[in-house]
Amino acid sequence: MGVLSNIEPRKVFYYFEEITKIPRGSGNVDRISNYLVDFAKERKLFYIQDAWKNVIIVKEATPGYEKEPTVILQGHMDMVAVKKPDCDIDLKNDALRVAVDGDKIYAEGTSLGGDDGIAIAYALAILDSDTIRHPRLEVIITVDEEVGMDGAREIDLSMLQGHRMLNLDSEEEGIFLTSCAGGARVDCKMPLQKTVMEGIAYEVIVSGLLGGHSGVEIHKERGNSNCLFGRLLWKLVKEMPVGLATVNGGVADNAIPRETKAVLVVNGENSAVFTETVDAAAAGIAAELATRDPDFKLTVKERMKGSFNCVKPEDTAKAAAFLLALPNGVQGMSADMPGLVETSLNLGILKYDEEGLSAYFSVRSSVESAKEAVIDRVKAAAELAGAGCRISGDYPGWKYRVDSPLREKMVALYEKMYGEKPKVEAIHAGLECGILGSKIADLDCVSLGPQMNDIHTTEETLSISSTVRVWEYLIKLLEEKDC
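And the structure:
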């Protein structure tokens, strides 16, 4: 018996728990995609599985709803798969360890994947029902949304009949999203010369940060472990020769990195200055982040003395300057919608390997020219440092639709059910609606979902009561006829 098996509505939570048993980090979606296909086959539903592993499932209208407008239900099957350092789960092969704490569902030691597993659970529970009344349903479940929306970009939707879409990829109950920012990924690669350096190898760890989704929490100005490491490295290279041996920070370009680990080599005669510089930097950053990131830590451990392969000190200094010069965080606020971030970028991944130093960014903006300007700033900094840049995953924003029968219907039903109007908002985070809207003529779309907190982190939770309320609303919405 499952952990969630006694929670109503049982089918929703049954399917959600089944999904958590299937490893489905971005790029590892074959099993979840095949699970969806098997589901459709067992129920004799029409389905398409394309070469990218996107899945479309169709269920015809129930009696009396044949003339109602077709509804598209849409979500994505991949998740940001992250775990705590001491967690022994293999996220590419093992099931998540789902647990319940009061009203919250979470996964022990890892992210939960409520983003966007709950969309799949809702869709499967509806498709598996013989009692829910609904128009023709076209369910779209895409792959690799979290790493550039590749599935949405590649999927063929020419066979669909629907022009109304419910995107089930939002994380705040009571908020209907009707537009979002566009974005792109920027990958920078900086070649660095190696040498053999005599001295002491120190392990440097920036940790204890809250992290979060770069589209949802970027305005909170939480610490970015990769940027903080860059600040420290710059301080150190100004005081002494430093060789960079390793660095590894962050798990996804769209997740604010919580931890960065590096190994630095310095001459033994500089050990005292090294320690003093690190301590001073740690104290200053801790004071800055005392309210936003109170658990910030900068720890240093002496590993060993000897000869080490590392980056030449002069190239380490160039790398430090490059990291310090790179923009990060909020770059502009919307003048039209108070409180909405217009433009931002996030240095999500930083690593050093045989090819050099790599820095991966997620760039977002609701203004195309502003997005291009930020990308140009990164490219300019890279060019000055002798690094190259590659732009990928460029996706359009989702423009607000002035005339939206679907939005009007949803707002009226919400007010009828709950006695208050929902919030209708734009979001800085990227959604697939813009890309899919470019493939479906005259698409009328609204995004909604139950309450989730700390998505893309090991503290991610899904509210049970909110999941129930959104389910009840979703069913009423499908049953509500236009006339």
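Every letter in the sequence shown is one number past the one before it in the working numbering, and letter 437, counting from 1, is 434. Using N, Cα and C, we set each Cβ at its ideal position, and we do this for glycine too.
- Residue 260 sits away from residue 236, with the two beta carbons spaced by 8 Å or more.
- Assignment of beta-bridge partners to residue 305 by DSSP yields 194.
- Under DSSP, residue 73 forms a beta bridge with 139.
- Of all alpha-carbon atoms in 303, 425, 414 and 397, the one lying nearest the alpha-carbon of residue 331 is that of 425.
- Counting only unbroken stretches of 4 or more residues, the alpha helix (DSSP H) elements lying wholly within the segment 394 to 438 are 402 to 415 and 430 to 434, in sequence order.
- For residue 454, there is no enclosing beta strand (DSSP E), since its DSSP letter is neither H nor E.
- When DSSP states are grouped into helix, strand and coil, residue 62 belongs to the coil group.
- For the pair residue 56 and residue 30, the CB atoms are not nearer than the 8 Å cut-off.
- For the pair residue 204 and residue 457, the CB atoms are not nearer than the 8 Å cut-off.
- Beta-bridge pairing by DSSP links residue 187 to 354.
- Residue 75 holds the alpha-carbon nearest to the alpha-carbon of residue 88 among 75, 65, 100 and 99.
- Per DSSP, the continuous alpha helix (DSSP H) segment holding residue 463 begins and ends at 461 to 476.
- Pairwise C-beta distances place the segment 246 to 260 out of contact with the segment 309 to 322, as fewer than three of them are shorter than 8 Å.
- For residue 95, the number of other beta carbons within 10 angstroms of its own is at least 16, and it is reported as buried.
- Taking the Cα of residue 176 as reference, the smallest distance to any Cα among 460, 432, 436 and 452 is reached at 432.
- Remark: C-beta atoms of residue 220 and residue 346 do not approach each other more closely than 8 Å.
- With respect to the C-alpha of residue 84, the residue from 459, 336 and 106 having the closest C-alpha is 106.
- In the structure shown, residue 210 adopts extended strand secondary structure according to DSSP, grouped into three states.
- Rounded to the nearest whole angstrom, the C-alpha separation of residue 3 and residue 229 is 50 Å.
- As a beta-bridge residue in DSSP terms, residue 56 pairs with 134.
- Per DSSP, residue 40 is not a residue of any beta strand (DSSP E), being assigned neither H nor E.
- For residue 348, the closest C-alpha among the options 326, 245 and 472 is that of 245.
- Using a Cβ distance threshold of 8 Å, residue 188 and residue 223 do not count as a contacting pair.
- When rounded, the separation of the alpha-carbon atoms in residue 48 and residue 173 is 32 Å.
- If you check the CB distance, residue 357 and residue 439 do not come in under 8 Å.
- Residue pairing of residue 181 in beta bridges, as defined by DSSP: 360.
- Judged by DSSP in its simplified three-state form, residue 204 adopts strand.
- In this structure residue 197 is in contact with residue 299, their Cβ atoms being roughly 6 Å apart against a cut-off of 8 Å.
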